[in-house]
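Asker:
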Amino acid sequence: MGHPRIAVLVPCYNEAVTIERVVADFRRALPDAVVHVFDNASEDDTADRARKAGARVAYVGLRGKGHVVRRLFADVDADIYVLVDGDDTYSAACAPRLVERLREGHDMVVAVREATGALAYRAGHRFGNRLLTGFLGWLFGRPCRDILSGYRAFSRRFVKSFPAQSGGFEIETELTVHALELHVDR
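Using the numbering used here, you'd call the opening residue of the sequence shown number 1284 and step up by one each time.
In structure tokens, the structure reads:
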């Protein structure tokens, strides 16, 4: 089998300040990947800057990250999908490790965030994430480490079977629950 087709999926809303760096970093980290930026009706020049950096750009008018992820999953065809936020809070250098872990037979791999500064991962968010992560781990009888991470890799099987319902930032929780319900990585 040849090299898998890899797509980097970047949902964006008003990320003009960071999007060129995100696209460039992921093109460097995964040189064979195609970077797709889906602009969620930004009021700045996110789309133009993403296109200038070498991304394929599409527009989603219905606001909310969940709506954008639904469109990304429906419209992009690949074997491996790397989903990352466009605000440059995640390191593209980790992407090859995510892809490698996915190729070991998993359907979803989640990059666990580390607190690197007071604003990057505030204490209230950290507490809420731990609480929700612990609850879902208990409910499904499987450990979870960071269910709210916006940096994940998916198999084609996961992406094309995911029944996205949420419209906003609850999409990360929905992705995790889907994986836990289906035991897709076993």
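Every residue, glycine too, gets a C-beta built ideally from N, C-alpha and C.
Kindly confirm or deny that the stretch 1350-1367 and the stretch 1324-1331 touch, where touching means at least three C-beta pairs closer than 8 Å.
Answerer: no
Asker: Within the present structure, is the beta-carbon of residue 1443 separated from the nearest heavy atom of the ligand ADP by less than 7 Å?
Answerer: Summarising the ligand content, the structure contains no ligands, and the ligand ADP is consequently not present.
Asker: On a Cα-Cα basis, can you pick out the residue from 1297, 1436, 1433, 1458 that is closest to residue 1445?
Answerer: As a working note, residue 1445 is residue 162 in the sequence shown. Measuring from the Cα of residue 1445, the nearest candidate turns out to be 1458.
Asker: Can you grab the Cα-Cα spacing for the pair residue 1319 / residue 1374, in whole Å?
Answerer: For the purposes of this step, residue 1319 is taken as the residue at position 36 of the sequence shown. For the purposes of this step, residue 1374 is taken as the residue at position 91 of the sequence shown. Each residue's alpha carbon lies about 17 Å from the other.
Asker: If you reduce the DSSP assignment to three classes, tell me which class residue 1319 lands in.
Answerer: Sequence index remark: in the sequence shown, residue 1319 carries index 36 (1-based). In the structure shown, residue 1319 sits in a strand (DSSP, three-state: E or B).
Asker: In the DSSP assignment, the beta strand (DSSP E) including residue 1392 goes from what residue to what residue?
Answerer: Here residue 1392 refers to the residue found at position 109 when the sequence shown is read from its first residue. Start and end: 1391-1393.
Asker: So for residue 1437, helix, strand or coil by DSSP?
Answerer: As a position in the sequence shown, residue 1437 is number 154, starting the count at 1. Three-state DSSP puts residue 1437 in a strand.
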